[in-house]
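The number in my numbering is simply the position in the sequence shown, starting from 1, with 2 added.
Just so you know, even glycine gets a beta-carbon here, dropped at the ideal spot from N, CA and C.
Notes to accompany the following structure.
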Amino acid sequence: MAYTDRVKQILSWYPSDNPGTLTNLARLLNTGALAGTGKLVILPVDQGFEHGPARSFGPNVAGYDPDYHAQLAIETGCSAYAAPLGFLEAVAGKLAGEIPLILKVNNSDTLAKVPNPISAVTSSVKDAVRLGCAAVGYTIYPGSGARNEQYQDLRDIIAEAKSYGLPTVLWAYARGAISKEGETGIDVIAYAAHISAQLGAHIIKVKPPTDFIEQPEAKKAFEKAGIPTKTLADRVREVVRSSFNGKRIVIFSGGESKSTPELLEDIKQIHQGGGFGSIMGRNAFQRPHDESVKLLKDVMGIFSGK
3 MAYTDRVKQI
13 LSWYPSDNPG
23 TLTNLARLLN
33 TGALAGTGKL
43 VILPVDQGFE
53 HGPARSFGPN
63 VAGYDPDYHA
73 QLAIETGCSA
83 YAAPLGFLEA
93 VAGKLAGEIP
103 LILKVNNSDT
113 LAKVPNPISA
123 VTSSVKDAVR
133 LGCAAVGYTI
143 YPGSGARNEQ
153 YQDLRDIIAE
163 AKSYGLPTVL
173 WAYARGAISK
183 EGETGIDVIA
193 YAAHISAQLG
203 AHIIKVKPPT
213 DFIEQPEAKK
223 AFEKAGIPTK
233 TLADRVREVV
243 RSSFNGKRIV
253 IFSGGESKST
263 PELLEDIKQI
273 HQGGGFGSIM
283 GRNAFQRPHD
293 ESVKLLKDVM
303 GIFSGK
């Protein structure tokens, strides 16, 4: 399809990238129900690795099968499907390019309780190339005592991915020396998004920010600058602004399990605040199939302005 003016504008924000990387970024922006709008809805299914199979797939046992998630992403018109190595190896050969794939190259589990959270690198950029992926995904934990190691690993992964023409989707979840409430505080989320942009991420994934400020210094800065934080739309706007004044793609997770009306209200607020879309896992695939399909299509309808 011909690129829309909006897609051309977004691609212009990455002038140092090679044609291969820009082509794959454009592929993500030109796939599915939101093709050409500059918005993305991605289905991520790394929760089995991160939280365990029963917690992840028990509510909808069809989800134990990796085929289920890939087909759900296709059926609903998602922009891409993201998963760890095992899930993608189970489906990539069957799909043969039917939907863009994102290989999550690092993962962690809940079995070990470590003082400095860090995800292990569990697959490679070459795996992503072999599987025909359109991008690689990686998680950082700003606030962790192990953050420097994560940033350094990411530097090498982004450089290698670019050499193969692959953009990087960066999960930025604050953990470690931060309060539980602070992990989703507006100052922390905006800071994590800015760090992600500085590290070279093409697409940044963060949690929806709450009206809480973790750092005393940041609280003073927010008050002095008169930055509004009362509504989710206000807070999303600040996170997007913190990502190079909106010149990096920022998408928001679905967060913890919520009722459908609550979730759709959050999506409306994210859209109003200028968010580029959603990356929604548990809130989608843990529902019964028909309910999941309707929810994802309703989310895409909101982001398309329908």
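Residue i to residue j span [Cα, whole Å]
i, j, result
"Pro-102", "Arg-250", "20 Å"
"Lys-182", "Val-190", "11 Å"
"Gln-200", "Tyr-66", "37 Å"
"Arg-29", "Asp-111", "31 Å"
"Gly-95", "Ile-215", "46 Å"
"Ile-229", "Leu-133", "44 Å"
"Ser-261", "Ser-18", "42 Å"
"Phe-246", "Lys-308", "28 Å"
"Gly-34", "Ile-44", "10 Å"
"Ser-255", "Asn-32", "21 Å"
"Ala-56", "Pro-68", "14 Å"
"Gly-147", "Pro-119", "7 Å"
"Leu-13", "Leu-42", "14 Å"
"Arg-289", "Tyr-5", "34 Å"
Of the listed residues the options, nearest to residue i (C-alpha basis)
i, options, result
"Lys-10", "Leu-24, Ser-110, Asn-20", "Leu-24"
"Cys-80", "Gly-167, Ile-160, Lys-207, Ala-286", "Ala-286"
"Gly-279", "Pro-263, Val-301, Lys-260, Lys-296", "Val-301"
"Gly-187", "Ala-220, Ala-161, Lys-207", "Ala-220"
"His-71", "Leu-298, Arg-149, Phe-305, Ile-180", "Leu-298"
Contact under 8 Å by Cβ, residue i with residue j
i, j, result
"Ile-269", "Ile-205", "no"
"Gly-283", "Pro-46", "yes"
"Lys-164", "Gly-139", "no"
"Phe-51", "Pro-86", "yes"
"Pro-144", "Tyr-193", "yes"
"Ile-159", "Ala-174", "no"
Exposure of residue i, with buried meaning 16 or more beta-carbon neighbours within 10 Å
i, result
"Leu-113", "exposed"
"Lys-209", "buried"
"Val-241", "buried"
"Thr-233", "exposed"
"Pro-117", "exposed"
Any chain C beta carbon closer than 8 Å to residue i
i, result
"Ala-64", "Here chain C cannot be found, since the structure has a single protein chain."
**Message:** Three Cβ pairs or more, each shorter than 8 Å: is that satisfied between the stretch 87-95 and the stretch 138-155?
**Reply:** Not touching, per the Cβ criterion.
**Request:** Indicate whether the contact test is met: 3 or more Cβ pairs, each with one atom in the stretch 118-130 and one in the stretch 168-179, closer than 8 Å.
**Result:** They touch, by the three-pair rule.
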